[in-house]
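Just below is one structure, and these are the notes that go with it.
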Amino acid sequence: MFLCTDILNIELNIFFKDEDIMDAEFAVIGLGAMGSMSIWQLAQRKKSVIGFEQFGVGHDRSATGGESRLFRTAYKEGEKFVPLLLDSRKLWRELESASKNSLLELNGGLSIGFPESNLIKNTMKSIKKYRIDHEILNNKAAKKRFPQHKLLNQEVMILDKESGFLRPELSVVSAVYRAKELGAKIHTYENIRSIKYDNEGVRILSNKKKYTVEKVLISAGPYIEQLLPQYGDSIKVGKIVMSWFATKSINKFNKLKYPIFIRENHNDKFFGTPTFDNSMVKIGLGEIYNKIENPMDLDNHVSIEELSKVKRIVSQYFNYLYSDPVRLSVHMDAYTPDNNPIIGKLLEQSNVVIAGGFSGHGFKMAPIMGKIASDLLIDDKTSYNINFLSPYRFF
């Protein structure tokens, strides 16, 4: 567990002297989606870097996990993200080439909703501005083309042909071990107890050892408040339950016939991916189930009440699926008040960079966020427009 106490600050003052030798140029704390990509980028740029992970590489105790993540190019969250996503796609391919693993598959992506909804309007803004390859299907055409979905009257579909799905666990593992091949030092099952930073560098105390580096990236996902308590009001942790369902016709849900999708209407928000194992189909809710005060106390139990909504959604909005889930997994993510991530240097100290609060839509852009974090650590700036993601915009 990450802790930050007065006792540990006293320990730091005892343990760390001005004459301490640097263990590396940079440290990355938290090797999930953002940390794994950041340490890969730093190692690729031939920098000496240490990575710390309190669990194992590719673990499921945070926002990474659940077999698949969506990759969307036409972006309902705002057209400002599209340039980041386009460059992120290039970096996904670069990581695939370096690791020899298949991580990103573009089988298309559906946005399903009413024409006047923010989902459809914002998606079309992205498409028009960046000329994304797509099709618009009216209600009748959508029902014929994708009969897996039960559409409400007047609902339409936008097919973004540049979208698809990612393999999250394999992606994290691929990035971390590629960084290790390039010289990064990886410390797993090591808890960071305290951090002290000033103009002379960053001093880190773990449950095993003390370290000194020039700069640090804090990318601890749901655990970030334990290291940076000043973000307690800006980053909240939510429990997410992912669910898989058996089908009466599995061939209708393979990646060739069933694109990834997001769907929103007045009452419901949910998403899904094609079958990966030829037996189950994944459906998830696009909202926080309930808030978690301490991420170390995540309850993996899923109550009947928690399942009731996703059961209703499967019955109401899908053909060919049985409504009882056959598999469940519990995860966490960190959410900000505006549901946009936080990335940048801390206002009070330039040798600390934060990347967190990705609010359920960060994994697809993890490689470019890793590049941006490495830019900030190495050059103190980045060429990408991240002003709207400022770490101190909520203060």
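Here the sequence shown is numbered in the working numbering, starting from 865 and rising by one per residue. Glycine included, C-beta positions come from ideal geometry on N, C-alpha and C.
Residue pairing by DSSP places D1024 opposite G973, H998 in a beta bridge.
Taking N1142 as reference, the option from L934, F1109, T1052, E1157 with the minimal CA-CA separation is F1109. In the structure shown, P1231 adopts helical secondary structure according to DSSP, grouped into three states. For L1185, the secondary structure class from DSSP, reduced to helix, strand or coil, is strand. Scanning the region 1065-1105 for uninterrupted beta strand (DSSP E) segments of 3 residues or longer gives 1065-1070, 1074-1082, listed from N- to C-terminal end. In this structure, the beta-carbon distance from V1077 to T928 does not fall below 8 Å. In this structure, DSSP gives Y1053 a state outside helix and strand, which the three-state scheme calls coil. Distances from the alpha-carbon of T937 to those of N1017, H1225, L1240, I1114 put H1225 closest. Contact annotation: I1082 and V1216 have beta-carbon atoms nearer than 8 Å. Rounded to the nearest angstrom, the gap between the Cα atoms of N1071 and S1238 is 26 Å.
S990 places its beta carbon less than 8 Å from that of E943. With fewer than three CB-CB distances shorter than 8 Å, the region 1235-1250 does not count as touching the region 965-975. Put simply, of K1060, N965, K940, R925 the residue whose alpha carbon is nearest the alpha carbon of S1038 is N965. By the Cβ rule, the region 1162-1171 counts as touching the region 1098-1105, because three or more pairs are nearer than 8 Å. Judged by DSSP secondary structure, K1245 falls outside any beta strand (DSSP E); it is assigned neither H nor E.
Within the same chain, Cβ atoms closer than 7 Å to the Cβ of L1001 are found at R1009, V1020, M1021, L1023, the five residues on either side in sequence being excluded. Taken through DSSP and simplified to helix, strand or coil, R1176 comes out as helix. Excluding its 5 nearest sequence neighbours in each direction, L967 has C-beta neighbours in its own chain below 8 Å: W956, L959, E960, L1030, R1031, L1034, S1035, S1038, listed in chain order. Under the three-state reduction of DSSP, D1163 is assigned to coil, being neither helix nor strand. For A1006, the CB contacts under 7 Å within the same chain, skipping 5 residues up- and downstream, are L1015, V1020, M1021 in chain order. Residue environment analysis places V1194 among the buried positions, since at least 16 neighbouring C-beta atoms fall within 10 angstroms of its C-beta. The DSSP-derived three-state label of F916 is strand.
Per DSSP, reduced to three states, the secondary structure at R1009 is helical. If you draw a straight line from the Cα of Y939 to the Cα of V946, it is about 7 Å long. With fewer than 16 other CB atoms across the displayed protein chains lying within 10 angstroms of its CB, F1259 is exposed.
Here I1126 is buried, its C-beta having at least 16 other C-beta atoms within 10 Å. C-alpha of I1099 to C-alpha of K1004: approximately 42 Å in a straight line. Within the model, the alpha-carbon separation for E941 versus N986 is close to 7 Å.
Under DSSP, V1194 takes part in a beta bridge, and its partners are V1105. The residue among K1079, S902, S1113, G1150 with its C-alpha nearest the C-alpha of N1131 is G1150.
For S900, there is no enclosing beta strand (DSSP E); the residue is part of the alpha helix (DSSP H) that begins and ends at 897-908. Taking all protein chains shown into account, Y1053 has fewer than 16 neighbouring C-beta atoms within 10 Å of its C-beta and is therefore exposed. Non-local C-beta neighbours of N1203 in its own chain, meaning closer than 6 Å and more than five positions away in sequence, comprise S1223, ordered along the chain.
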